[in-house]
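With the first letter of the sequence shown counted as 1, position 64 gets the number 64 in the working numbering; the numbers rise by one all the way through. Just so it is clear, CB atoms sit at the ideal spot from N, CA and C, and this is done for glycine as well. Structure record follows, encoded as C-alpha cells.
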Amino acid sequence: MKDKTESFCGREFVFDAIKEFFSNNPNGYFTVVGDAGMGKSALAAKYVLEKPEAICFFNVRAEGMNRPELFLKKIRQQLMSRYQLQDAADADLSTLLTKASEKITAGERLVIVVDALDEVDQESTGNLLYLPTILPERVYFLLTRRPYNQNEKRLNLSPTVPTKELDLRNYAERSSQDVKEYIWLLLNDGEYKQDLSQWIQKQNHVSTADFVEEIAAKSENNFMYLRWVLPAIAKGFYENKPLDELPVGLQGYYYSHWEIMGMTTKPLPKNKIKIVYVMCALRSAASREVIAKYSKQNELTVEDVFDDKWAQFLQKQENYQPPRYRFYHESFRDFLHRQDIVQAAGVNLPDISAEVADNMTKGLAGYE
C-alpha cells in the first residue's frame, strides 16, 4: 500500500463523494470505477492508510490473491481480531458483520475496502466474492473495479441496500487537475527532479508549464502512464525525441517501450519474447531460474530481460529466496494480449499456456 500511495496527491472529489455517501446512508456499497491505470488501487490504499475504521483485501491476480476463499479468510481474520469475535470463528461473513456492528460505538462505522473486483477468479455460483446482499447498519463496503465486460460476474445486491458508483471516466476535468498536480509534484520534489528539468531545458521553446500541460494531455488522465513515462524521460529513453513526439496514452507508452527494447526488430528476438510471454502465462510470481526453465531459455537471457530497461515493469519480491518476479500492473499483461502485438511477436498464446501448464504438472523445482 505504501508503494501504491507514494507521491499520492489530489482525488479530493472522490474522497468527498465517499464521505458524503457514508454520512447519508445507514450502510451500503460505494464503488469506484475506472480504466486500468486511473489510480483505483492507489485510492483504495490511501483510504486504508488514513482511515482507522477500514479493513481491506486487495485482489492481485498475478499473486493468486484473488479467490473468494482467500478473501473470506483474510476479512474474517481482521474482523475477529478487531472486534474480539473468536467465539464466532465458524460464522459466515454476514453473521460476523452483524456481530461486529453490535460492537461499533456511536459515531463509528465499519468500512471494508475491496480492490480490483475485476481480478477476482471465481467459478462457483453466488454473489461475487460471496459479498453479503444485505448489510447491518453502519457497515459499508468501498469497492474498486474496471468497467464491466459483457460476460463478467457482477454483484447481485438487495434493492434495499444503498449503492453508488463513481466512474472516474466521467470526471475528466477534475482528473486532469489531479494529473497536473502530480506532474508538478514530481518536477518540484522527486527523485527525477533534476533529470526532468534538464530534459525540458533541452527542448526548443518549451517551458515547464508547457511540459506539464502536454504530458497531462498525453497521459489521457492515466496515472500509470505518468508512473512509466516521467522516469523514462529522466533516464534518457526519449533523449532524442521532442515533446510532441512522446507516446500518447498508456497503451501508446507500452508500444513505444516495446519498440525501444527491440521487440519489433527483424529478425525478432524470439528468445526474449518467449520469456515475456511465459511470465504472462504464469499465475503467480516466479524466480529467474523457474522462468528460465519454463521458457527453456538460459538464465543469462532471462537476466537480460530483467535488466534496468525492463525493471520498471516488474515487481521484485525479495521476501522469497531466490527473489521472485511478476508484472507490476495488469495493464501491461493486457497490452501483451492485444491481437496486433501477439501477431507481430509471432507467438501462439494457447501453445505457451499449454507448455507452462505441462511444466507445472511435471513439477519444476523451486516453483510453488
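Q) Could you give the residue range of the beta strand (DSSP E) that holds D115? A) Segment L110 to D115, the beta strand (DSSP E) holding D115.
(Q) Can you look up C280 in the DSSP assignment and give me helix, strand or coil? (A) In the three-state reduction of the DSSP assignment, C280 falls in the helix class, which pools H, G and I.
Q) CB-CB under 7 Å to Y367, same chain, minus the five flanking residues each way: which ones, in chain order? A) At Y367, the pLDDT of 45 sits below 50, so the modelled position is not reliable; the number obtained from the coordinates is stated separately. Excluding positions up to five away in sequence, the list reads A286 and V290.
Q) From what residue to what residue does the beta strand (DSSP E) around V206 run? A) DSSP places V206 in no beta strand (DSSP E); its state is neither H nor E.
Q | Residue closest to G249, alpha-carbon to alpha-carbon, out of K218, L268, M65 and L142 | A | Here the closest residue by C-alpha is K218.
Q: Identify, in the order they occur along the chain, each residue of the same chain with its Cβ nearer than 6 Å to the Cβ of F141, setting aside the five sequence neighbours on each side.
A: Same-chain partners within the cutoff: Y29 and I112.
Q. How many Å lie between Y254 and L230 at the Cα?
A. Distance from the CA atom of Y254 to the CA atom of L230, rounded to whole angstroms, is 13 Å.
Q. Once you ignore the five residues that flank F313 on each side, which residues in its own chain have a CB closer than 7 Å to its CB?
A. Closer than 7 Å at Cβ, skipping near neighbours: F327, Y328 and F332.
Q. Do you know how far the Cα of A88 is from the Cα of Y182?
A. Rounded to whole angstroms, Y182 to A88 spans 45 Å at the Cα level.
(Q) Cutting at 7 Å between CB atoms, please list the residues of its own chain near K180, excluding the five before and the five after it. (A) Same-chain partners within the cutoff: V212 and A216.
Q | Residue burial classification, H205 (beta-carbon count within 10 angstroms, cutoff 16) | A | Looking at its Cβ environment, which holds fewer than 16 other Cβ atoms inside 10 Å, H205 is exposed.
Q. Is T125 helix, strand or coil by DSSP?
A. Collapsing the DSSP output to three states places T125 in coil.
Q. Where DSSP assigns a beta bridge to I55, which residues make up the other side?
A. Paired residues: I112.
**Q.** Residue range of the unbroken alpha helix (DSSP H) whose run includes Y47
**A.** That run of the alpha helix (DSSP H) goes K40 to E50.
Q | Candidates L93, P68 and E69: closest to M80 by CA position | A | Answer by Cα proximity: L93.
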